[in-house]
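Residue numbering for the sequence shown follows this note's numbering, beginning at 6 and increasing consecutively. In this text, a Cβ means the ideal position worked out from N, Cα and C, and glycines have one as well. Since the structure is predicted, the reported quantities are computational estimates derived from the model, not experimental observations.
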Amino acid sequence: MPRAGNNAVSATGMGLPTSAMTAIEADGMGNVLVGGTSGNIFAYNKAKDTWYPYAPGTYWNMRSITFNTADSRYYIAAYDTVGAKAGIFYTDIAPLVAGDSIYAYYNYSTAVANETVITGALGGETTFSLANTPVIDATVYKDNAGTWTMLIEITDYTLDLPTGIITMNAPLVAGDSIYVYYNYSTAVANETVIFEATGGETELPALANIPLIDATVYMDHAGIWTMLVVSTDYTLDLPTGIITMTTPLDGGSNVYFGTLPISIPNLRSIDWNPALNYGLAVGDGVYKIKGLSGSFETTVIQPPTIGYTFYDVAWDTDGWNEAAIVGQNITLARGVYWRYYDTNPMLIEGWVDAASPSSYLCGSIKPPSSPKIVFIPTGTGGIVANIETSDESTRITANAVMPKLWWIGFNDTLLGSQMDTQVDVDADHIFSFQYNYTLGWDLCAFEIQAWYDNGVDGTGGSAYPAVPDDSTRNLAFTILCDSTGATSVFYPAPDLEVTTAPATPVLHWANPVDLSGAQDHYRFYIPVWFGNQLRMADYGGVGANGPDYSSNPTVALNDVDSWDFSVRVFDTTSGGFNISYGEFGIKETISIAVTGNPTGNAPPGSNDNVMGPVSTIVYSANNDYYVDVEIPDLHMNGDILIANPIPATSVSVQNLHTNATGNSDIAARTFFIGPAAPLLVWGTVGVPIAPDGNGTISAGPLETNFNSGTVYTELEWLVNVPGATAEGVYWGTIHITIYT
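See below:
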């Protein structure tokens, strides 16, 4: 065997083949793992000066080995010659050997609940001692006559942790009691964790007392005591008291196979990054390999691509951000070197060999010593790349992202759907929707806009009024809501016709990967109440059809004579948004009330006798309407069986409203043409009055409780009393009707 140098270890006679070894790696402490073809893996334990064989299967060829100082494991890139697929082997955290004993000296925390320090103080007491020391932390309460107060350290008292002495800043008063909840430290000397191990133990029995505060661990083997170093020799979980050994590979260790996705057909090299705790593996593609639970979490950096192959990867151990990957552009038959950065995880072409054919089979990064360089040996010499002359570790990113709106709804208070349905006014309803946002659900706000389409569908351009004003207060509204559920009616304001209340946000789906909650799905339920004069919409009398909602207004707003609405979810900073549309209808609602019983005294044969008071009418309508008035003949004492009434034709009436002219049949004094023969108070024959666009109570056109203090109609009455009318009281019922 050729001389390898001073202090070289020979494998001859140790069962280690001297050929077909294809990969080797050391752990930094003189321990070595080698692998080769036909399933050969051997570990050299420097402390025992011994080689240990492992046989994971003769059909495996070991291609590359890397050691991860973060978890003290070797990772092996291998190829299954039978299954024609890639695999990753990993070593366990090597266990104890037979005869090892582990002992621990440690302190653990003991809790004391509600220790009574003093009860029923006489007054004047200032100093007390806890029963157990040294104290780790404490909470102190004072009780007087059933009133409990948590005292504040420094402000109310001081506590000396080693002695457990509490000193009050102000003396107690009579009747005070002091109680303390605290943790104190208890020492344990030389607890035997495991005595004379049989060999192979890795995770040791938990310490008898937890939670731990600190510990010192010793190993005894054949009378030789060694204080173990945490992280180097073992790990210790303080809450559970579990010690896990991290000694090098030996005869009690094992090698395990971790599955990879079948989409990774071939691996040739692997190198681990202990600072970031993941490896890069290359072959037909380039892969990020992370995690260890029987299978690996893999991320594809470069999928297998026709025309390219990758042979080796090496991390820059200074900073652990950059890696060099070498291989070949098969199409050009040229060697290629690529750069990879953890902060810019993609392949960046660093160098293409000018010679063809050429291929780069291996490479390595030399740490900085003016300068930091990549070595790539070739058949004609090699390539030396100064990687400090350029930096490609950062990227400019434009994140084209907007909130996602999954669905929208319009509901009753039991969340039954009211989409494409006529609903009642003077009633509660709910707008609803579900959304998520990859940048954070709480970065969004919401806008609901609704408008009467005035007989125009989405194809015809139905849209929210560009500049809503007071003439559209019953025809459109906007509700704003933030991520906390706070709502407001933005238009109309003041909100006489539409009111809202705080929304109810509900977490619908929690993202199992992103535990921050930023990408969770939320549902919002926004209440709304409609006033009586919100415009009626009946789908033109033919009923609704089409989809309930769509992001395309020409699809969703397919019905005429409906209320159209949109739900917009938007990022309050960037303005990025998503929007969907839907429709609903509103039922007709009309009402009327009258006050005043006009009365007058007139002798038989007199004319134009004014009666008072006037009839005062208030009414509301959300659709085109008429208001009419009629009376019967006026009979003595209202008894229709008594003959010779004052005929209805002797009674005249006038609408005194300033807008009556042109809008009423009785803008001037007008006689009834007979009993039960109505006259139009508002509207003219064939021409109804359109409801106003604002307010909740109308008084003819252009007058509502929003724009006028006069929201009523007055009717003045006059009567002619025929001659020879018998003396008496004549009366009949005034019948005033609103209809559409």
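Annotated three-state conformation of T600 is strand, per DSSP. Excluding its 5 nearest sequence neighbours in each direction, S571 has C-beta neighbours in its own chain below 6 Å: Q454, I584, Y586, listed in chain order. Closest by C-alpha distance to Y84, out of G128, Y64, E130, is Y64. The straight-line gap separating the alpha-carbon atoms of I381 and Y365 is approximately 7 Å. Distance between T383 and A390, taken at the CA atoms: about 13 Å. Sorting V692, P693, G691, Y717 by C-alpha distance to the C-alpha of S703 places Y717 at the top. For the pair of segments examined, the segment 530-546 was found to touch the segment 420-430: the number of CB pairs separated by less than 8 Å reaches three. A561: member of the alpha helix (DSSP H) spanning 558-561, first to last residue. Y108 and E206 have their C-alpha atoms some 15 Å from each other. Inclusion of N479 and N712 in the CB contact set at 9 Å is not warranted, their separation being larger than that value. Nearest in C-alpha terms to T399, of all of D431, I370, M351, is M351.
Comparing alpha carbon positions, the residue from S567, G551, W568 closest to V560 is G551. Close CB contacts of T240 within its chain, under the 6 Å cut and outside five residues either way in sequence, are with T249 (chain order). Within the DSSP secondary-structure output, C449 pairs in a beta bridge with D576. Taken in chain order, no unbroken stretch of alpha helix (DSSP H) lies wholly in the segment 273-299 with a span of 4 residues or more. By the Cβ-count criterion, T600 is exposed, with fewer than 16 other Cβ atoms from all chains shown falling within 10 Å of its own Cβ. According to DSSP, residue pairing for M641 in a beta bridge involves Y735.
According to the DSSP secondary-structure assignment, D148 is paired through a beta bridge with W153, S182. With a cut-off of 8 Å on Cβ pairs, the segment 150-165 is not in contact with the segment 112-129, counting fewer than three such pairs. Under DSSP, F72 takes part in a beta bridge, and its partners are Y79.
Bridge pairing for L720: S620, N660 [DSSP]. Pairing I311 with T336, the inter-Cα distance amounts to about 9 Å. Around the Cβ of L684, a 10 Å sphere holds 16 or more other Cβ atoms; the residue is buried.
Of the residues P680, Y146, S114, I170, the one whose Cα lies closest to the Cα of F133 is I170. The three-state reading of DSSP puts A549 in coil, since its state is none of H, G, I, E or B. The secondary-structure analysis by DSSP pairs A91 across a beta bridge with Y84. A653 sits in a helix when the DSSP states are folded into three classes. Between I531 and Y440, the alpha-carbon positions lie close to 14 Å from each other.
Taking C-alpha positions only, V686 is separated from I671 by approximately 6 Å. Nearest to S488 by alpha-carbon distance, out of T464, H526, V518, is H526. For D396, the three-state secondary structure derived from DSSP is coil. Approximately 15 Å separates the beta-carbon atoms of A25 and I70; this is outside 8 Å, ruling out the contact.
With a contact defined as Cβ atoms closer than 8 Å, D458 and D629 miss out at about 16 Å. Here T477 carries a helix assignment [DSSP, helix/strand/coil]. For L512, the CB contacts under 7 Å within the same chain, skipping 5 residues up- and downstream, are D525, Y527 in chain order. In the same chain as V37, and ignoring 5 residues on each side of it, the C-beta atoms closer than 6 Å to its own belong to A31, Y49, in chain order.
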